[in-house]
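Enquirer:
In full-length UniProt numbering, the protein residues as written are 1 to 309.
(1) Count the other CB atoms, across all protein chains shown, that sit within 10 Å of the CB of residue 155; report buried if there are 16 or more and exposed otherwise.
(2) Would a C-beta distance cut-off of 8 angstroms place residue 50 and residue 188 closer than the cut-off?
(3) Can the beta-carbon of residue 60 be found less than 8 angstroms from the beta-carbon of residue 210?
(4) With C-beta atoms as the reference, is residue 212 less than 8 angstroms away from residue 302?
(5) Taking just the CA atoms, how far does residue 48 sit from residue 76?
(6) Please classify residue 63 as buried or exposed, where buried requires at least 16 other C-beta atoms within 10 Å of its C-beta.
(7) On a Cα-Cα basis, can you pick out the residue from 282, 206, 208, 290 that is closest to residue 243?
(8) Counting only runs that start and end within the region 87-124, where is the alpha helix (DSSP H) found for 4 or more residues in a row?
(9) Over the uninterrupted beta strand (DSSP E) stretch that includes residue 215, give me the two end residues.
(10) Under a three-way DSSP split, which group does residue 5 fall into?
(11) Quick check: what's the CA-CA separation for residue 101 versus residue 24?
(12) For the alpha helix (DSSP H) containing residue 25, list its first residue and its last residue.
(13) Taking all protein chains shown into account, decide if residue 170 is buried (16 or more other Cβ within 10 angstroms of its Cβ) or exposed.
(14) Report all residues from its chain with a CB closer than 8 angstroms to the CB of residue 85; omit the five preceding and five following residues, and keep chain order.
(15) Using the beta-carbon count (16 or more within 10 Å), is residue 167 buried or exposed?
(16) Identify the residues that DSSP records as bridge partners of residue 187: which are they?
(17) Report the start-end ranges of each alpha helix (DSSP H) in the region 228-273 that is 4 residues or longer and not cut off at the edges.
(18) So for residue 192, helix, strand or coil by DSSP?
(19) Of all the options 192, 182, 163, which has the alpha carbon lying nearest to the alpha carbon of residue 297?
(20) Is it buried or exposed, residue 274, if we count other Cβ atoms within 10 angstroms and call 16 or more buried?
(21) Counting only the same chain and skipping the five closest in sequence on each side, list residues whose C-beta sits under 7 angstroms from that of residue 54.
(22) With 16 as the cutoff for other CB atoms within 10 Å, does residue 43 come out buried or exposed?
(23) Please report the residue range of the beta strand (DSSP E) in which residue 289 lies.
(24) Output yes or no for whether 8 angstroms exceeds the beta carbon distance between residue 26 and residue 184.
(25) Beta-carbon within less than 8 angstroms of residue 380's beta-carbon, same chain only, minus the 5 sequence neighbours each way: which residues are those?
(26) For my contact list, residue 267 and residue 292 are in at a C-beta cut-off of 8 angstroms; report their separation, rounded to the angstrom.
(27) Would you list the residues sitting across from residue 140 in a DSSP beta bridge?
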């Protein structure tokens, strides 16, 4: 649905985007993660045809995209981080206005507005002025506006910033439903747990370049991610440590008087053999704890920053 190849965008001496390439398939939710200033917003602006690329190409639903490519923009629904709604209008009036801008009329438009209101959970508030809405409700209406024309590609730029937990969960559920219906979704966020929950694949961008791309598991493997198993107990911990160092899955064992901390590959499959080896060497276990690397640790390793920096 989206093919991005070699995108470059410069602002004077600053190269904001430097050779960015990725693809998104129909029904796929693709996460673009990066710290502030990494190039996310500039990349999104080029994909949406808002600013020109200095180099590279963008193809949406088989058509080339650029600032002057008007027809192809019908395939895109853009939900910006800044709210794009009229506070004096009701939710339904906002949707009616934007629907008409998108060329929809009559029963087709009213039926679609009903569908969108149901999806974003605002049916019971559709006649209220949006200036009376909470931040989360405004965000949900912002998403609804982007959905009105059945876009093939929905771009969501940090759609849950500043919303309450209930609205945030409603937004995430809506996004999950959209990808399930075959819509391609490009999602940026400052919340790592959102990316882990929603995204089929993730690209980590920093200094204008894609540092890594893949599924969550692929990213962890690319960075050499290993698991940690901590054994707590009593008895022959030193003998247990010596026994466990000989196991193929174990990279390292750190021992103290009452515990062993193991660095291992694929802890869920290795843990049974590790427990057997430790108890067989004379260690009596009171606790076994497994820690697996997550997306946050990968992001920190690749960028040297937390996602919200």
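Ideal placement from N, C-alpha and C gives every residue a C-beta, glycine not left out.
Expert: Taking the coordinates as given:
(1) Counting from 1 along the chain shown, the entry for residue 155 is found at position 155. Residue environment: residue 155 is assigned as buried (16 or more neighbouring CB atoms within 10 Å of its CB, all protein chains considered).
(2) Along the chain shown, read from residue 1 onward, the residue named residue 50 stands at position 50. Along the chain shown, read from residue 1 onward, the residue named residue 188 stands at position 188. Taking 8 angstroms as the Cβ cut-off, residue 50 and residue 188 do not qualify as a contacting pair.
(3) Counting from one through the chain shown, the residue named residue 60 turns up at place 60. Counting from one through the chain shown, the residue named residue 210 turns up at place 210. No, the pair does not count as a contact, with Cβ atoms beyond the cut-off.
(4) By one-based count along the chain shown, residue 212 stands at place 212. By one-based count along the chain shown, residue 302 stands at place 302. The Cβ atoms of residue 212 and residue 302 sit closer than 8 angstroms to each other.
(5) As a working note, residue 76 is residue 76 in the chain shown. As a working note, residue 48 is residue 48 in the chain shown. Computed Cα separation, rounded: 7 angstroms.
(6) As a position in the chain shown, residue 63 is number 63, starting the count at 1. Around the CB of residue 63, fewer than 16 other CB atoms lie within 10 Å, so the residue is classed as exposed.
(7) Here residue 243 is taken as the residue at index 243 of the chain shown, counted from 1. Among 282, 206, 208, 290, the Cα nearest to that of residue 243 is on 282.
(8) Segments of the alpha helix (DSSP H) lying fully in the region 87-124: 91-101, 106-119.
(9) The residue given as residue 215 occupies position 215 in the chain shown. It is not in any beta strand (DSSP E) - residue 215 carries neither H nor E in the DSSP assignment.
(10) Sequence index remark: in the chain shown, residue 5 carries index 5 (1-based). For residue 5, the secondary structure class from DSSP, reduced to helix, strand or coil, is strand.
(11) Locating residue 101 in the chain shown gives position 101, counting from the first residue. Locating residue 24 in the chain shown gives position 24, counting from the first residue. Approximately 27 angstroms, taken between the alpha carbons.
(12) Mapped onto the chain shown, residue 25 falls at position 25. Premise fails: residue 25 is in no alpha helix (DSSP H) and is neither H nor E.
(13) Indexing the chain shown from 1 puts residue 170 at position 170. With at least 16 other beta carbons inside 10 angstroms of its own, residue 170 counts as buried.
(14) For the purposes of this step, residue 85 is taken as the residue at position 85 of the chain shown. Taking residue 85 as the centre and dropping the five residues before and after it, the same chain places the C-beta of 94, 130, 138, 141, 142, 145 closer than 8 angstroms to its C-beta, in chain order.
(15) Here residue 167 refers to the residue found at position 167 when the chain shown is read from its first residue. Residue 167 comes out buried.
(16) Here residue 187 refers to the residue found at position 187 when the chain shown is read from its first residue. DSSP output for residue 187 lists 31, 156 as bridge partner(s).
(17) Complete alpha helix (DSSP H) runs here, min 4: 237-245.
(18) Counting from one through the chain shown, the residue named residue 192 turns up at place 192. Three-state result, residue 192: helix.
(19) As a position in the chain shown, residue 297 is number 297, starting the count at 1. For residue 297, the nearest C-alpha among the options comes from 192.
(20) The sequence position of residue 274 within the chain shown is 274, counting from 1. Buried, because 16 or more other Cβ atoms sit within 10 Å of the Cβ of residue 274.
(21) Sequence index remark: in the chain shown, residue 54 carries index 54 (1-based). If we look at residue 54 and ignore the five residues flanking it on each side, its Cβ neighbours are 8, 9, 10.
(22) Along the chain shown, one-based indexing puts residue 43 at 43. Here residue 43 is buried. Its C-beta has 16 or more other C-beta atoms within 10 Å.
(23) Within the chain shown, the letter at position 289 stands for residue 289. Boundaries of the beta strand (DSSP E) around residue 289: 283-291.
(24) To locate residue 26, count along the chain shown from 1; it is residue 26. To locate residue 184, count along the chain shown from 1; it is residue 184. Contact: yes.
(25) Only positions 1 to 309 of the chain appear in this structure, which leaves residue 380 out of reach.
(26) Position 267 of the chain shown, counted from the first residue, corresponds to residue 267. Position 292 of the chain shown, counted from the first residue, corresponds to residue 292. Confirmed, about 7 angstroms.
(27) If you number the chain shown from 1, residue 140 lands on position 140. Partner(s): none; residue 140 has no beta bridge.
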